[in-house]
Amino acid sequence: MKYSYYPGCTLKTKAKDLDTYARISAKALGFELEEIEEWQCCGGVYPLGTDEIASKLSSVRALNDAKEKEQDLVTLCSACHHVIKRVNDDMKNVGDIRTRANNYMQLEEPYAGETTVLHFLEILRDRIGFDVLKKKVVNPLKGRAIGAYYGCLLLRPSEVLAFDNPENPTIIEDFIRAIGGTPVIYPYRNECCGGYISLKEPQAAQNMTDRIMDSAASFGADSLITACPLCLYNLNMSKSGSKLPVQYFTELLAEALGLIDKNEEVQAS
Amino acid sequence: MQRIGVFVCHCGSNISATVDVEKVAQMSLLEPGVVHAEDYQYMCSEAGQARITEAVKEKKLTGIVVCSCSPRMHETTFRNAAERAGINPYMVEIANIREHCSWIHKNIEEGTEKAIILARAAIAKVTLNAPLKPGESRVTKRALVIGGGIAGIQTALDIAEAGYEVDIVEKTPSIGGRMSQLDKTFPTLDCSACILTPKMVEASAHDKINIYTYSEVDQVSGFVGDFTVDIRKKARSINMDKCTGCGVCSEKCPSKKISSEFNRGLGKRSAVYTPFAQAIPNVPVIDRENCIKFKTGKCGICEKVCQAGAVDYTQEDEIITEKYGAIVVATGFDTIKLDDFDEYAYNQSKDVITSLELERVMNAAGPTKGHLERLSDGKAPKNMVFIQCVGSRDVTCRGKVYCSKICCMYTAKHAMLIRDKYPDVNVTVFYIDVRTPGKNFDEFYRRAVEEYGVNYVKGQVGKVAPQANGQLLVQAVDLLDNKQILMEADMVVLATAIEPEAGVRKIATMLTASIDTNNFLTEAHPKLRPVESPTAGVFLSGVCQGPKDIPETVAQAGSAAVKAIGLLAKEKLMTNPCTAKSDELLCNGCSTCANVCPYGAITYEDREVNDHGIREVRRIAVVNNALCQGCGACTVTCPSGAMDLQGFSNRQIIAEVDAICR
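So the protein sequences, as listed, match chains C and L. Whatever position you read off the first sequence (first residue = 1), add 4 for the working numbering. Whatever position you read off the second sequence (first residue = 1), add 890 for the working numbering.
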């Protein structure tokens, strides 16, 4: 099975781990991530202005590229996923945005939201199946108490993202179980990490990440996993006394599938 | 040729602001048959009606068109006026130029043009009207009340006191309803059971009241004054005549771990049970889904211990068919499910409960024997947080858009009772608005704040986070202080929105009673006929019609009873003469009409007909005028055009359409 893959800027720079481990895990699980050619930055933030069209176009290009290849479009970074999924929803359901974006795009056939956008986790859950994943695990993460950190971008607005219950999500916990770890459920797993406010008001963001860290640690987590580079950055800035290590979920996936050593060779070569 | 008079109403400025009423009258005069046209400020007033009767006499009118509000509002008024003037009331047609025209148009030219067209259509129709005479139908002097809560009990008592027989059908094993689950009632803080149970006893002891508990309405047919209802008496597995209510069966029942509905899942009950000690009737029910005897065939302990020999495992559902003149719906409410509100951690923490659950916790007969304690560890709480509008006034599609109306008052009650009994417990209430209209209601809320020191904070709660140490962290905002709040609480109580009882839509469908998108039954008129359903003979009592508290429910219950009594007191009812009629020369006996008739009003007869000199016996559709409600389904389905609706004949409808399209 081949999917169109939109990595996004951060996965080429600061968040290489998120990307690399996803690619080798995908191969081991029997699907291929085919990177879209000449993809452009998603913008990082979904533009809420209804007359803001230009900054949505990079998403539309990626979506249309996948459409032309008749493939589903896969993302990894929470921010990219959020932007592309919402732009896709606009192209499907908001006539004005669709018309104006297509006026810019000058495509042979106008794009109208035909592509299915999937997060890598959704492939694991809905296409591979966590039960199948569990059988492919060679190195179960026994004894690891792992807290899922969702952040907000994957979950909200829930009617568009349609990812999981925004107040009580379970997909990452189910993933942790599938790779042999023990999920730690703590109430702050779906609270905002502060996002970009960490640049302007670092203290405000730090208060938020401290609360997340303290909550996860108090429920017995020994590490956190996330799908979002910005969340990972902010969580790492926490000065909480109970600071936990934070990893991308794909790294744990690769570890459970027994690919970590091979990966180092891949990176070396 | 008919002599038609047209009367155009201004309805104050309701119509005249967007319709040139004088022009409508002038233009009507140009229509064939119209010999009189005038406009007047309030046609429905006494003076307006007098103008109609005078014109009938002076101009010798044979047909009347009133251009006014919806016929649902004043058709009867103008028909009566016509009758007083000496012409058949069915020679009146209403052109609805208010709801269908002036209220929905802003431009006076457009509005006037449309009003003229609507008047023209009504004139075309009345030209073809023929006098009709209503028939008569009997009234069965017996009422059915669906639901045995305080609304149903009060309605039944009031009807019975007027001397009519009443049956109450209650789906649970006992009457009493939600009120029986409450601890205290606002604004007087008297004990709910103390004021309810005497009424329950009165109802059960009343010789005119017959109570079917553990029963449901299965089927309804007929019409106002003459309903036929099938009541399903579910198999109780206990012989009600033999049972003494000693309770030994429940005590000895080995299957004891079943979640108690009466205690909102906070306590346990056995498989053979009465929901609560003061239940009426005091006869248990065997819950067959959880009974070991019914599941495995073994056990039978209750039968062995029953001294009265009342246990009967072979009992089956029984259908009772009864006739009624009036039906009162009093099906009540439940709290909404909170599965979509996980930010309040209701499903995650035992210490987050609904207000109705708190009623059980605070009740001496409840799961904690009335002690205020955390359900997770039984510890006494020090800090309690109440969250109002959980699912009420909610525009996110998770809850209800309406205000549940009772929550502000019961939350003030809970807060006050807790501060009174446990003065060392801090109580904080988060609210959007505090709404306490009602006699002695605002005074009550102010007592909570001023005398009992309840801390009211304006602001919504964003999250209730269960902590590892068992505490709940409440994250909120104080809108008046513009501050974020983080507050530790031992218990959180959610003022959960209420919604109509789940089965009400099914009942409304059986009764052909209208129901809104929130499953509240619709009134015949929101202001002037608030306890009547638009379906004749069906009345509304209690929360099934809209959120209301106990005093309001009791008032409405009495009002519904009065309406039912007014109906039952009549010897005969006039039937609607606008019924279907089959033309025996055109009918080919195909049965299509009988298949679509929702009232079972069409039967077939073999009848001798004379078709252009050919005499033969044919199978012909015959309409029972007493059963026909004039819905017109048969007339549109009849392939040979034999069915016609009197007063709304195919010719009349086509004439209207032609007039509109002219």
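Idealized CB from N, CA, C, for every residue including glycine.
By how many angstroms is the C-alpha of L:I1170 removed from the C-alpha of L:A1403? Straight-line measurement puts the Cα of L:I1170 at about 29 Å from the Cα of L:A1403.
Helix, strand or coil, according to DSSP, for L:P1437 in the structure here? Secondary structure at L:P1437: coil, using DSSP grouped into helix, strand and coil.
Does DSSP classify L:P1390 as helix, strand or coil? In this structure, L:P1390 counts as strand in the three-state DSSP scheme.
Just list the residues that DSSP pairs L:E1506 with in beta bridges. L:E1506 is bridged to L:V1499.
Simplified DSSP state of C:K243, which is helix, strand or coil: Reduced to three states, the DSSP call for C:K243 is coil.
Please report the distance separating the alpha-carbon of L:K1124 from that of L:V1091. Straight-line measurement puts the Cα of L:V1091 at about 22 Å from the Cα of L:K1124.
Candidates C:G245, C:L248, C:C235 and C:T230: which alpha carbon is nearest C:L125's? Nearest option by C-alpha distance: C:T230.
What's the C-alpha gap between L:E1106 and L:P1271? So the alpha carbons of these two residues sit roughly 42 Å apart.
Can you round the beta-carbon distance between L:C1133 and L:A1161 to whole angstroms, since I take them to be within the 8 Å contact cut? No, L:C1133 and L:A1161 are not in contact; Cβ-Cβ is about 16 Å, not under 8 Å.
Bridge partners of L:R1419, per DSSP? BP columns for L:R1419 point to L:H1415.
Taking L:T1186 as the reference, give the member of L:Y1203, L:Q892 and L:F1429 with the closest Cα. For L:T1186, the closest alpha carbon among the candidates L:Y1203, L:Q892 and L:F1429 is that of L:Y1203.
Which of the three DSSP states, helix, strand or coil, is assigned to L:M1274? Assignment of L:M1274 by DSSP, reduced to helix, strand and coil, places it in the strand class.
Whole-angstrom distance between L:Y932 and L:H900, CA atom to CA atom: Taking the straight line from one Cα to the other gives about 6 Å.
For L:N1237, count the other beta carbons within 10 Å of its own beta carbon; 16 or more makes it buried, fewer makes it exposed. Which is it? Classification for L:N1237: exposed.
Kindly say whether L:A1358, judged by its beta-carbon, lies nearer than 7 Å to any beta-carbon of chain C. Yes, L:A1358 counts as interfacial toward chain C.
Kindly say whether L:A1379, judged by its beta-carbon, lies nearer than 7 Å to any beta-carbon of chain C. Residue-level contact by beta carbon fails for L:A1379 and chain C, as no gap is shorter than 7 Å.
Answer with buried or exposed for C:G262, where buried requires no fewer than 16 other C-beta atoms within 10 angstroms of its C-beta. Result: exposed.
CB contact flag (L:I1036, L:V1219, <7 Å): Cβ atoms of L:I1036 and L:V1219: closer than 7 Å.
On the DSSP bridge assignment, give the partners of L:G1112 in chain order. For L:G1112, which the question treats as bridged, DSSP gives the partners L:F1117.
With a threshold of 7 Å between beta carbons, is L:E1233 in contact with chain C? It does: the Cβ of L:E1233 has a partner Cβ on chain C nearer than 7 Å.
With H, G and I counted as helix, E and B as strand and the rest as coil, what does DSSP make of L:G938? L:G938: helix per DSSP, three-state reduction.
Please state whether DSSP places L:A1223 in a helix, a strand or coil. According to the sequence shown, residue 1223 of chain L is Phe rather than Ala. Secondary structure at L:F1223: strand, using DSSP grouped into helix, strand and coil.
What does L:A1355 touch in chain C if you count any residue whose Cβ is under 8 Å from its own? Against L:A1355, the close residues of chain C are P191, Y192 and S219, in the order they occur along the chain (beta-carbon pairs closer than 8 Å).
So, are the CB atoms of L:V914 and L:S992 less than 7 Å apart? Cβ distance not < 7 Å, so L:V914 and L:S992 don't count as in contact.
Please list, in chain order, all residues of the same chain as L:F1331 whose beta carbon is under 7 Å from its beta carbon, the five residues on each side excluded. So the list reads P1077 and M1299, once near-sequence residues are dropped.
Using only alpha-carbon positions, find the residue among C:M212, C:M241 and C:D178 that is nearest to C:F253. For the residues C:M212, C:M241 and C:D178, the minimum Cα distance to C:F253 belongs to C:D178.
By Cβ distance below 7 Å, which residues in the same chain neighbour L:C1487 in space, the five residues on each side in sequence not counted? Hits under 7 Å: A1523 and C1524.
So with Cβ pairs under 7 Å, would you call C:N68 a contact of chain L? C:N68 does not count as touching chain L.
Determine whether the beta carbon atoms of C:A70 and C:T119 lie at a separation below 7 Å. The answer is yes: Cβ separation under 7 Å.
7 Å Cβ cutoff, C:G222 in contact with chain L: The amino acid at residue 222 of chain C is misidentified as Gly; the sequence shows Ser. When Cβ-Cβ separations below 7 Å define contact, C:S222 makes contact with chain L.
Check each residue of the region 155-182 of chain C: if its Cβ is closer than 7 Å to any Cβ of chain L, include it; give the result in chain order. Answer in chain order: N169, E171 and N172.
Classification of C:C45 by the beta-carbon crowding that lies within 10 angstroms, buried from 16 upward: Exposed: under 16 other Cβ atoms inside 10 Å.
Taking only the alpha-carbon atoms, compute the straight-line gap between L:K1031 and L:Y1104 and give it to the nearest angstrom. Taking the straight line joining both Cα atoms gives about 25 Å.
Would you call L:E1060 buried or exposed, if buried means 16 or more other Cβ atoms sit within 10 Å of its Cβ? With a threshold of 16 other beta carbon atoms within 10 Å, L:E1060 meets it and is buried.
Below 8 Å, can you find three or more Cβ-Cβ pairs linking the region 226-244 of chain C to the region 136-154 of chain C? The region 226-244 of chain C vs the region 136-154 of chain C: in contact.
What would DSSP say about C:L15, mapped onto helix, strand or coil? C:L15 falls in the helix class under three-state DSSP.
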